[in-house]
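Residue numbers (our numbering): 5 to 364.
Before any comments, here is the structure.
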């Protein structure tokens, strides 16, 4: 049962890879039509990741089949059986070449070795058209062998094909060796390149997906920072306006004016956050901190010294001040809050402390 489940999983992987290639081809054709207008050249997805692309090369064995059918091969039943076994092994090997796990499996290597032994036996026994099994074997070997083993394997196979072919056909057999070398190396190069393109495309899609997720996180974080602080200030000032309305209308109107100003500023910051151009200012955040703390009945003490800061540092410290003051207003129950910014050269220290019961 476990073996059958493994086969089904492999079949499913092949089908998924085939479906992904079809989707890439559909996208490529659509981009190709659109590219004709502006002269662009879209990226071709390459050959489909399946052994069907390598099956047409079996036509190279038609000459041997013709010899068997015409009775030109001694012991034709041996030749026919050898042809059938060779084709079966070829199909088995090339269909496993597009899955790394299957390609590197022991069964695939054994099948390739048996295929090589059968090729040698048929070529030595019959010669002629049967020598063309060497290029076919080279094609299967190129589909399976990758990396640092490819060069030595290709050269060894070429030398062996040359020796057998020249033994049977003399110097005319050198063409078989040349065809074997080309089929081995070119097949390996094309399949390796196609595999690399698919991996790069998958990596690019993954990077794009992560970029979208990071942008969503950035936007949600900015929105939380903006609205959390701004709404806290609006709530505090609204409560202050309600308390002051009965005894000091002018002070209450001042709080309402501040609420309007904070709301308008929040709208501006939300628009900037949506477009990705919001830059925090430490001075602005310190002014807002004074206003928010005062409205909450907390005495603000703000001290700042040191050289000018870079925009990145200003934005970071502004965010820290905003979060700390929001926590102080919501949770500390403090009567006094001190904010100190001190810096020298390339170092800066921000301290936010209060005398409340909770941490700011």
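The beta-carbon is built from N, C-alpha and C at its ideal position, and this holds for glycine as well.
When rounded, the separation of the alpha-carbon atoms in residue 198 and residue 204 is 10 Å. Counting along the chain, the unbroken alpha helix (DSSP H) around residue 172 starts and ends at 154-173. Contact annotation: residue 286 and residue 333 have beta-carbon atoms that are not nearer than 8 Å.
Per DSSP, residue 70 is one residue of the alpha helix (DSSP H) stretching across 66-73. Counting along the chain, the unbroken alpha helix (DSSP H) around residue 318 starts and ends at 315-331. Excluding its 5 nearest sequence neighbours in each direction, residue 175 has no C-beta neighbour in its own chain below 6 Å. Annotation for residue 357: the continuous beta strand (DSSP E) segment containing it runs 351-358.
For residue 289, the enclosing alpha helix (DSSP H) starts and ends at 286-299. Just so you know, the alpha carbons of residue 33 and residue 27 end up roughly 10 Å apart. Residues of the same chain with their beta carbon placed closer than 6 Å to that of residue 81 are lacking, with the five preceding and five following residues left out of the count.
The Cβ atoms of residue 143 and residue 112 do not sit closer than 8 Å to each other. Boundaries of the alpha helix (DSSP H) around residue 80: 80-99. Boundaries of the alpha helix (DSSP H) harbouring residue 139: 137-148, taken from the DSSP string. Where residue 105 is concerned, the enclosing alpha helix (DSSP H) starts and stops at 104-107. In the assembly as shown, residue 237 is a buried residue. Its beta-carbon has 16 or more other beta-carbons within 10 Å.
As the crow flies, the alpha-carbon of residue 313 is around 58 Å from that of residue 155. Proximity to residue 361 across 347, 336, 182, 341 peaks at 336, based on C-alpha coordinates. A straight-line Cα-Cα distance of about 56 Å links residue 317 and residue 100. Counting along the chain, the unbroken alpha helix (DSSP H) around residue 113 starts and ends at 110-130. The Cβ atoms of residue 166 and residue 158 do not sit closer than 8 Å to each other.
DSSP, reduced to helix, strand and coil, places residue 77 outside both helices and strands of the structure shown, so it counts as coil. Note on geometry: alpha-carbon atoms of residue 293 and residue 306 lie some 9 Å from one another. In this structure, the CA atom of residue 215 is about 34 Å from the CA atom of residue 107. By a beta-carbon distance limit of 8 Å, residue 87 does not contact residue 119. Their separation comes to about 12 Å. Under a 10 Å Cβ-count criterion, residue 244 is classified as buried, with 16 or more other Cβ atoms of the shown protein chains found around its own Cβ. Taking the Cβ atoms as the reference, residue 126 lies roughly 16 Å from residue 145, outside the contact range of under 8 Å.
Ranked by Cα distance from residue 291, the first of 311, 207, 265 is 265. Judged by their CB atoms, residue 162 and residue 193 are not nearer to each other than the 8 Å cut-off. Residue 194 sits in a helix when the DSSP states are folded into three classes.
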